[in-house]
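**Q** I have a structure here, written as structure tokens, and I will follow up with some questions on it.
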Amino acid sequence: MTYQAEYEKSINQPEVFWAEKAADIPWYKRPTRILGKDEQGTDRWFVDGELNTCYAALDYHVENGRGDQIAIYYDSPVTGIKARLSYSELRDQVATFAGALAAKGIEKGDRVIIYMPMVSEAVVAMLACARLGAVHSVVFGGFAPHELAVRIDDAQPKAIVSASCGIEVQKVIPYKQMLDKAIELAGHKPDFCVLLQREQETASLIEGRDYDWQSLVADASPAPCTPVLATDPLYILYTSGTTGKPKGVVRDNGGHAVALKYSMKAIYDMNPGEVFMAASDVGWVVGHSYIVYAPLLAGCSTIVYEGKPVKTPDCGAFWRLIEEYKIKAFFTAPTAFRAVKKEDPEGEALKKYDISSLKNLFLAGERLDPPTFHWLKELVGVPVVDHWWQTETGWAIASNQMGIEPREAKAGSATVPTAGFNVQILDSKSHQMPAGEQGSVCIKLPMPPGCLTTVYGDHGRFRNSYMSTFDGYYLTGDGGYIDKDGYVFIMGRTDDVINVAGHRLSTGEMEEIIASHSGVAECAVIGINDELKGQLPVGLVITKDGYEGTDEALEAELAALVRSEIGAVACYKQTIVVDRLPKTRSGKILRNILRSIADGKEYQVPSTIDDPASLPEIEAIMAENNIGVATA
Numbered sequence: 001m002t003y004q005a006e007y008e009k010s011i012n013q014p015e016v017f018w019a020e021k022a023a024d025i026p027w028y029k030r031p032t033r034i035l036g037k038d039e040q041g042t043d044r045w046f047v048d049g050e051l052n053t054c055y056a057a058l059d060y061h062v063e064n065g066r067g068d069q070i071a072i073y074y075d076s077p078v079t080g081i082k083a084r085l086s087y088s089e090l091r092d093q094v095a096t097f098a099g100a101l102a103a104k105g106i107e108k109g110d111r112v113i114i115y116m117p118m119v120s121e122a123v124v125a126m127l128a129c130a131r132l133g134a135v136h137s138v139v140f141g142g143f144a145p146h147e148l149a150v151r152i153d154d155a156q157p158k159a160i161v162s163a164s165c166g167i168e169v170q171k172v173i174p175y176k177q178m179l180d181k182a183i184e185l186a187g188h189k190p191d192f193c194v195l196l197q198r199e200q201e202t203a204s205l206i207e208g209r210d211y212d213w214q215s216l217v218a219d220a221s222p223a224p225c226t227p228v229l230a231t232d233p234l235y236i237l238y239t240s241g242t243t244g245k246p247k248g249v250v251r252d253n254g255g256h257a258v259a260l261k262y263s264m265k266a267i268y269d270m271n272p273g274e275v276f277m278a279a280s281d282v283g284w285v286v287g288h289s290y291i292v293y294a295p296l297l298a299g300c301s302t303i304v305y306e307g308k309p310v311k312t313p314d315c316g317a318f319w320r321l322i323e324e325y326k327i328k329a330f331f332t333a334p335t336a337f338r339a340v341k342k343e344d345p346e347g348e349a350l351k352k353y354d355i356s357s358l359k360n361l362f363l364a365g366e367r368l369d370p371p372t373f374h375w376l377k378e379l380v381g382v383p384v385v386d387h388w389w390q391t392e393t394g395w396a397i398a399s400n401q402m403g404i405e406p407r408e409a410k411a412g413s414a415t416v417p418t419a420g421f422n423v424q425i426l427d428s429k430s431h432q433m434p435a436g437e438q439g440s441v442c443i444k445l446p447m448p449p450g451c452l453t454t455v456y457g458d459h460g461r462f463r464n465s466y467m468s469t470f471d472g473y474y475l476t477g478d479g480g481y482i483d484k485d486g487y488v489f490i491m492g493r494t495d496d497v498i499n500v501a502g503h504r505l506s507t508g509e510m511e512e513i514i515a516s517h518s519g520v521a522e523c524a525v526i527g528i529n530d531e532l533k534g535q536l537p538v539g540l541v542i543t544k545d546g547y548e549g550t551d552e553a554l555e556a557e558l559a560a561l562v563r564s565e566i567g568a569v570a571c572y573k574q575t576i577v578v579d580r581l582p583k584t585r586s587g588k589i590l591r592n593i594l595r596s597i598a599d600g601k602e603y604q605v606p607s608t609i610d611d612p613a614s615l616p617e618i619e620a621i622m623a624e625n626n627i628g629v630a631t632a
């Protein structure tokens, strides 16, 4: 089937199309109602189907003769440890850990937070929750106690699964200390915690609350798979919101399994038994979808990599992995390869390795800048596929679909919409924009299977954030255009969330933290373009009258404050002290103009501006700090 025929069927006959794709999943009860609406009017897929995602990812393959195939390769250059788990071994470990959780009272519908490094046990914990019908919420291991506490209070987990430590380049991160502090800060307290002790640092356990992983599983009996409805939640994953309070994206079981299984062949051209790698972390959506669930649903081998693209030990790390594990498709964020390019612009490290197994190289998480696209294309000699998706969608909205009908790539484009995603460019009055003209990128409802169904505990926020701006459309929050050939170009966010190395972070939250400093009267945080990270946050700060600290000291203190509250992932370093910020007469800071100045884009001075003279002052200060300057 051609791409066009496949896509048009998914848009014009969605129920027929997705019923066919659902046949690839082992259901306990095959769905007969393919598309319906819940009591809140939200579209739901496979509403009367029953399944278990863990069964589809593990037990089904074992029962069909794939038990001896490798499910997970674990590769940890920071510890020197490598391991492999077959589908049978992984199923047994998952069933046993699920039994241990069940013995402590975890059952269908309970929430479990997982706060772990990139180890195989993190995958085991996720799948064990799915096996029981419990809802996991993985929190990135690098997040500070405050961020973890916010998620504990929102998800209200019955249990938290963690580890004694994580390991960065030549540095041990004390997870248990951060976990204890987070629980202390949180209003909600979990019934119990399970801790994986690591050799690099052992942690003390709090009697009556904390349990050792190995001791628990030693006494546990394997748990069977619990049937759940297709519409029952599989997990909650928090993504930044512009208010500073993270949004808990809820993913269901049935639509998620169908969409991800479909995507492995359609987009990534993967078949059972082949090796797929996503160089991400299980704390992010890429890790959920393409380290854990999609590869295992498709019967592939996946790689859990506890390392970096550079410095573990060098910039040849990715090439070494591709050669060693015979990886067919490799997926990471552009920032990872920008780091490789920075250290090895001529690609000398690649010459040491045989990467002939690699057929396609995929990038997502942020816009793939044309220079990096061309550098990679020339270096690796295989198709470089920029594809676009979001935490909310769980899989690609637009991509070059390598398993259906590969197309010639265009630098800066995510190629064409994926099955079920009716992508349209709208102006402020909901009119479709002509080819080549920018507007708000929206998706006409219904969304395809696999996308978020609500924001946890706040369906009103789901409606207001995504569904209320344009009636009948999902608002992506991105701006862009579709060219005359149907190629989708995503140009950047239309809100105050920035993308740092593929991680979406709220500038509003950073502003709250900076404003808490005793010397800060007012502030604004904007994202500026960065060659390596995609975007970096910069703070514009007005100090309080009488503040006697130096600008250098304030910059260091604010960087430390943001790091302690959000974590190193924020990459907040630069603070610029200013006398005033451009505002409207009503007092609203003109952040869109600040972003334009920082990006060197032209802008219109609004009639509502209170003090036009503030703009040239800001431009001069940004120029002094080597930040691109726009003209009014």
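With my numbering, letter number 194 in the sequence shown gets 194, and the count goes up by one each step, no holes.
Glycine is no exception: its CB is placed at the ideal position from the N, C-alpha and C atoms.
#1: Bridge partners for residue 211 per DSSP, in chain order?
#2: Would DSSP call residue 428 helix, strand or coil?
#3: Applying the 10 Å Cβ sphere with the 16-neighbour rule, what's the burial state of residue 139?
#4: I'd like to confirm the pairing. Which residues does DSSP put opposite residue 277 in its beta bridges?
#5: Determine the direct distance from the alpha carbon of residue 449 to that of residue 28, and round the result to whole angstroms.
#6: Tell whether a beta-carbon distance below 8 Å holds between residue 285 and residue 237.
#7: Could you pull out every residue in the same chain whose Cβ sits closer than 6 Å to the Cβ of residue 396, ignoring the five residues on either side in sequence?
#8: For the alpha helix (DSSP H) that contains residue 163, what are its first and last residues?
#9: Helix, strand or coil: which one does DSSP assign to residue 510?
#10: Going by DSSP, what residues sit across from residue 583 in a beta bridge?
#11: With which residues is residue 284 paired in a DSSP beta bridge?
#12: What's the call for residue 53, buried or exposed, on a 16-neighbour Cβ count within 10 Å?
#13: With a threshold of 8 Å, are at least 3 pairs of Cβ atoms found where one atom belongs to the segment 608 to 628 and the other to the segment 571 to 584?
#14: I need the boundaries of the beta strand (DSSP E) containing residue 620, first residue and last residue.
#15: Find the nearest neighbour of residue 62 within the set 563, 293, 275 and 90, judged by alpha-carbon distance.
#16: Count the other CB atoms, across all protein chains shown, that sit within 10 Å of the CB of residue 126; report buried if there are 16 or more and exposed otherwise.
#17: Since residue 185 is in the beta strand (DSSP E), which residue starts that stretch and which ends it?
#18: Quick check on residue 432: buried or exposed, where buried means 16 or more other Cβ atoms within 10 Å of its Cβ?
#19: Determine the contact status of residue 162 and residue 129, defining contact as a CB-CB distance below 8 Å.
#20: Starting from residue 699, trace the alpha helix (DSSP H) in both directions and tell me its first and last residue.
#21: First and last residue of the beta strand (DSSP E) that includes residue 492?
#22: Where do the N-terminal and C-terminal ends of the beta strand (DSSP E) with residue 392 fall, by residue?
#23: Need the endpoints of the beta strand (DSSP E) that residue 52 sits in, please.
#24: Determine contact between the segment 530 to 543 and the segment 493 to 503, defined as no fewer than three beta-carbon pairs at a distance below 8 Å.
#25: Opposite residue 661 in the DSSP bridges: which residues?
#26: Taking three-plus beta-carbon pairs below 8 Å as touching, is the segment 305 to 318 in contact with the segment 339 to 356?
#27: To the nearest whole angstrom, what separates the beta carbons of residue 385 and residue 377, a pair I think is in contact under 8 Å?
#28: Specify, as a first and last residue, the run of the alpha helix (DSSP H) that residue 263 falls within.
#29: Can you have a look at residue 551 and say buried or exposed, based on whether 16 or more other CB atoms are within 10 angstroms of its CB?
#30: Rounded to a whole number of angstroms, what is the C-alpha to C-alpha distance between residue 65 and residue 88?
#31: With 16 other CB atoms within 10 Å as the buried threshold, where does residue 12 fall?
#32: Can you list, in chain order, the residues of its chain with a C-beta nearer than 6 Å to that of residue 456? Leave out the 5 residues immediately preceding and following it.
#33: Whole-angstrom Cβ separation of residue 223 and residue 102, contact assumed at under 8 Å?
#34: Does the segment 13 to 20 come within contact of the segment 28 to 38, defined as at least 3 CB pairs closer than 8 Å?
#35: In whole angstroms, give me the CA-to-CA distance for residue 30 and residue 145.
#36: Taking C-beta to C-beta, are residue 231 and residue 252 nearer than 8 Å?
**A** With the given structure in hand:
#1: Residue numbering aside, residue 211 sits at position 211 when the sequence shown is read from its first letter. DSSP output for residue 211 lists 194 as bridge partner(s).
#2: On the sequence shown, residue 428 is found 428 positions in, with the first residue counted as 1. Of the three classes helix, strand and coil, the one that applies to residue 428 here is coil, per DSSP.
#3: On the sequence shown, residue 139 is found 139 positions in, with the first residue counted as 1. Buried, because 16 or more other Cβ atoms sit within 10 Å of the Cβ of residue 139.
#4: Counted from its first residue, the sequence shown places residue 277 at position 277. The partner list for residue 277 (beta bridge, DSSP) reads 330.
#5: Position 28 of the sequence shown holds residue 28. Position 449 of the sequence shown holds residue 449. Their backbone Cα atoms lie some 18 Å apart in a straight line.
#6: Here residue 285 refers to the residue found at position 285 when the sequence shown is read from its first residue. Here residue 237 refers to the residue found at position 237 when the sequence shown is read from its first residue. In this structure, residue 237 lies closer than 8 Å to residue 285 by Cβ.
#7: Residue numbering aside, residue 396 sits at position 396 when the sequence shown is read from its first letter. Excluding sequence positions up to five before and after residue 396, its CB lies within less than 6 Å of the CB of 267, 387, 389 and 418, all in the same chain and listed in chain order.
#8: Counted from its first residue, the sequence shown places residue 163 at position 163. For residue 163, no alpha helix (DSSP H) encloses it; the enclosing beta strand (DSSP E) starts and ends at 159 to 163.
#9: Looking up residue 510 in the sequence shown gives position 510. Here residue 510 sits in helix by DSSP.
#10: Against the sequence shown, residue 583 aligns to sequence position 583. In DSSP, residue 583 forms a bridge with 589.
#11: Residue 284 sits at position 284 when you count from the first residue of the sequence shown. According to DSSP, residue 284 shares a beta bridge with no other residue.
#12: In the sequence shown, counting from the first residue as 1, residue 53 sits at position 53. So residue 53 counts as buried.
#13: They touch, by the three-pair rule.
#14: Start at 1 with the first residue of the sequence shown, and residue 620 comes out as number 620. In the DSSP annotation of this structure, residue 620 is not part of any beta strand (DSSP E); the continuous alpha helix (DSSP H) holding it starts and ends at 614 to 624.
#15: Here residue 62 corresponds to residue number 62 of the sequence shown, with the count starting at 1. Among 563, 293, 275 and 90, the Cα nearest to that of residue 62 belongs to 90.
#16: Within the sequence shown, numbered from 1, the residue matching residue 126 stands at position 126. Buried is the call here.
#17: Stepping through the sequence shown from its first residue, residue 185 is reached at position 185. Not the beta strand (DSSP E): residue 185 falls in the alpha helix (DSSP H), residues 175 to 185.
#18: Residue 432 sits at position 432 when you count from the first residue of the sequence shown. Counting of Cβ neighbours within 10 angstroms places residue 432 among the exposed residues, the total staying below 16.
#19: Here residue 162 is taken as the residue at index 162 of the sequence shown, counted from 1. Here residue 129 is taken as the residue at index 129 of the sequence shown, counted from 1. No, the pair does not count as a contact, with Cβ atoms beyond the cut-off.
#20: In the structure as shown, the chain starts at 1 and stops at 632, and residue 699 therefore has no counterpart that could be examined.
#21: What you label residue 492 is simply residue 492 of the sequence shown in a count that begins at 1. Counting along the chain, the beta strand (DSSP E) containing residue 492 begins and ends at 488 to 493.
#22: The sequence position of residue 392 within the sequence shown is 392, counting from 1. Note, residue 392: premise wrong, no beta strand (DSSP E); not H, not E.
#23: One-based indexing of the sequence shown puts residue 52 at position 52. Counting along the chain, residue 52 falls outside any beta strand (DSSP E), and DSSP gives it neither H nor E.
#24: They touch, by the three-pair rule.
#25: The chain is shown from 1 up to 632; residue 661 falls before or after that span and cannot be answered.
#26: Yes, since at least three Cβ pairs between the segment 305 to 318 and the segment 339 to 356 fall closer than 8 Å, the two stretches touch.
#27: To locate residue 385, count along the sequence shown from 1; it is residue 385. To locate residue 377, count along the sequence shown from 1; it is residue 377. In fact, because the Cβ distance is near 10 Å, the residues do not count as touching under 8 Å.
#28: The residue given as residue 263 occupies position 263 in the sequence shown. Looking at the DSSP string, the run of the alpha helix (DSSP H) that includes residue 263 is 254 to 266.
#29: Position 551 of the sequence shown, counting from 1, holds the residue named residue 551. Counting other Cβ atoms within 10 Å of its Cβ, residue 551 stays below 16 and is therefore classed as exposed.
#30: For the purposes of this step, residue 65 is identified with residue 65 of the sequence shown, where counting begins at 1. For the purposes of this step, residue 88 is identified with residue 88 of the sequence shown, where counting begins at 1. Those two C-alpha atoms are separated by around 10 Å.
#31: On the sequence shown, residue 12 is found 12 positions in, with the first residue counted as 1. Only exposed fits residue 12, as fewer than 16 other CB atoms lie within 10 angstroms of its CB.
#32: Along the sequence shown, read from residue 1 onward, the residue named residue 456 stands at position 456. Here the set comprises 236, 248 and 250.
#33: Residue 223 sits at position 223 when you count from the first residue of the sequence shown. Residue 102 sits at position 102 when you count from the first residue of the sequence shown. That pair is a contact at about 5 Å.
#34: Because the criterion of three Cβ pairs below 8 Å is met, the segment 13 to 20 and the segment 28 to 38 touch.
#35: For the purposes of this step, residue 30 is taken as residue 30 along the sequence shown, with counting starting at 1. For the purposes of this step, residue 145 is taken as residue 145 along the sequence shown, with counting starting at 1. Cα to Cα, residue 30 sits roughly 43 Å from residue 145.
#36: The count along the sequence shown starts at 1 and reaches residue 231 at position 231. The count along the sequence shown starts at 1 and reaches residue 252 at position 252. For residue 231 and residue 252, yes; Cβs fall inside 8 Å.
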